[in-house]
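One structure is given here, and the rest of the page talks about it.
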Amino acid sequence: MSPLADVQRRVRDAVVTGDAAIAASLFVGGGNAAQRLAIHLRHYRSSLTRAVMNRFPATGWLVGTRLLEEAARQFVRECPPSAPCIAEYGQGFPQFLGAWPGADDVACLQAFANLDWHLGQLALAIDLPVVRREDLLVLPAADLAYMTLTIQPGTYYVHADWPIDELMTLYLSDAAPARFVMVDTDVWIEARGARGSLRLSRLTAAEFSFRAAIAGGLPLGVAAQRAWGSDPTFDPGLALAAVVDSGMVTSIGLSALGVQHA
Numbered sequence: 019m020s021p022l023a024d025v026q027r028r029v030r031d032a033v034v035t036g037d038a039a040i041a042a043s044l045f046v047g048g049g050n051a052a053q054r055l056a057i058h059l060r061h062y063r064s065s066l067t068r069a070v071m072n073r074f075p076a077t078g079w080l081v082g083t084r085l086l087e088e089a090a091r092q093f094v095r096e097c098p099p100s101a102p103c104i105a106e107y108g109q110g111f112p113q114f115l116g117a118w119p120g121a122d123d124v125a126c127l128q129a130f131a132n133l134d135w136h137l138g139q140l141a142l143a144i145d146l147p148v149v150r151r152e153d154l155l156v157l158p159a160a161d162l163a164y165m166t167l168t169i170q171p172g173t174y175y176v177h178a179d180w181p182i183d184e185l186m187t188l189y190l191s192d193a194a195p196a197r198f199v200m201v202d203t204d205v206w207i208e209a210r211g212a213r214g215s216l217r218l219s220r221l222t223a224a225e226f227s228f229r230a231a232i233a234g235g236l237p238l239g240v241a242a243q244r245a246w247g248s249d250p251t252f253d254p255g256l257a258l259a260a261v262v263d264s265g266m267v268t269s270i271g272l273s274a275l276g277v278q279h280a
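Counting from 19, one number per residue, gives the positions in the sequence shown under this note's numbering.
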């Protein structure tokens, strides 16, 4: 390890762990080195705590600022950043928060926080040029089952045990009902966002299986089979037309299986 890399590692470890002894030999001049390091430590922890809290505004609305801040502080201590970009920090926070003391009072907390994270990502997305129905008509019918679709980057699919989409809609609409009853029920959600706008749509289990499979890069034939597992009456032709008409599809390709078939 180069001398510079060793210095950087030791300073990093001292700041992250709060143990000034790790880098004590590097400090020269001035007074108490531990006190000087403590300034950097406070700045490091406070800035990351704010970053985490800012990434989960809806979660703070749900559980309150105090609980969110306490959990964020501990998350920063236990889960330091692994990448240099602060904007990417916090993806593991929903799982951490789900195990936080008091989280049991909000059964859907982890799923809701995870949706909160993804909506923040989706709002920054930019829609790309779309594929139209007429683009599908020129494709060989025999190849259709082997085709893969690329969808808009601002798209996210989530299956939850609670109606977290209703909760999120309340937050986004700034509504505050006197009473809100959470019903333990499966929901299949499609979230779309672009240039600051967000839209949540609830799907059937079959629609969700079909669209999530497409989003995962699977061929249309495989996506249809997954949908049939939820609903044998599912019509993949109508479902494909709905996906294309919604402006979600940005490109069409032939899967590796399709190349072999050809």
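Virtual Cβ for every residue (Gly too), placed ideally from N, Cα, C.
Hey, how far is the Cα of residue i from the Cα of residue j?
{"i": "Y175", "j": "F228", "result": "11 Å"}
{"i": "L154", "j": "G247", "result": "25 Å"}
{"i": "R210", "j": "R63", "result": "33 Å"}
{"i": "E88", "j": "L115", "result": "10 Å"}
{"i": "I207", "j": "S219", "result": "6 Å"}
{"i": "A105", "j": "A117", "result": "23 Å"}
{"i": "M165", "j": "T222", "result": "23 Å"}
{"i": "T77", "j": "P119", "result": "15 Å"}
{"i": "Q53", "j": "R60", "result": "11 Å"}
{"i": "D183", "j": "F226", "result": "15 Å"}
{"i": "L157", "j": "A245", "result": "22 Å"}
{"i": "I232", "j": "V149", "result": "14 Å"}
Classify residue i as buried or exposed, calling it buried when 16 or more other Cβ atoms lie within 10 Å of its own Cβ.
{"i": "E96", "result": "exposed"}
{"i": "E152", "result": "exposed"}
{"i": "Q170", "result": "buried"}
{"i": "F198", "result": "exposed"}
{"i": "C126", "result": "buried"}
{"i": "P237", "result": "buried"}
{"i": "V124", "result": "buried"}
{"i": "P181", "result": "buried"}
Check for me: the beta strand (DSSP E) holding residue i runs from which residue to which?
{"i": "V205", "result": "205-212"}
By Cβ distance, which residues of its chain are closer than 6 Å to residue i, with the 5 residues on each side in sequence left out?
{"i": "G108", "result": "V70, R73"}
{"i": "G271", "result": "T166"}
{"i": "N132", "result": "P112"}
{"i": "A129", "result": "A178, I182"}
{"i": "A242", "result": "P254"}
Sorted by chain position, which residues of the same chain lie with C-beta nearer than 8 Å to residue i's C-beta, five sequence neighbours on each side aside?
{"i": "L216", "result": "L137, L140, A141, L190, A209, R210"}
{"i": "W135", "result": "R73, F74, G108, Q109, F111, P112"}
{"i": "D263", "result": "R151"}
Let me check one thing: in DSSP terms, what residues is residue i bridge-paired to?
{"i": "L85", "result": "For L85, which the question treats as bridged, DSSP gives no partner whatsoever."}
{"i": "S215", "result": "A212"}
Can you tell me where the alpha helix (DSSP H) with residue i in it begins and where it stops?
{"i": "V267", "result": "Here V267 belongs to no alpha helix (DSSP H); instead the beta strand (DSSP E) covers 267-272."}
Once you ignore the five residues that flank residue i on each side, which residues in its own chain have a CB closer than 7 Å to its CB?
{"i": "T121", "result": "First, the amino acid is wrong: residue 121 is Ala here, not Thr. L115, L127, listed in sequence order."}
{"i": "G214", "result": "A141"}
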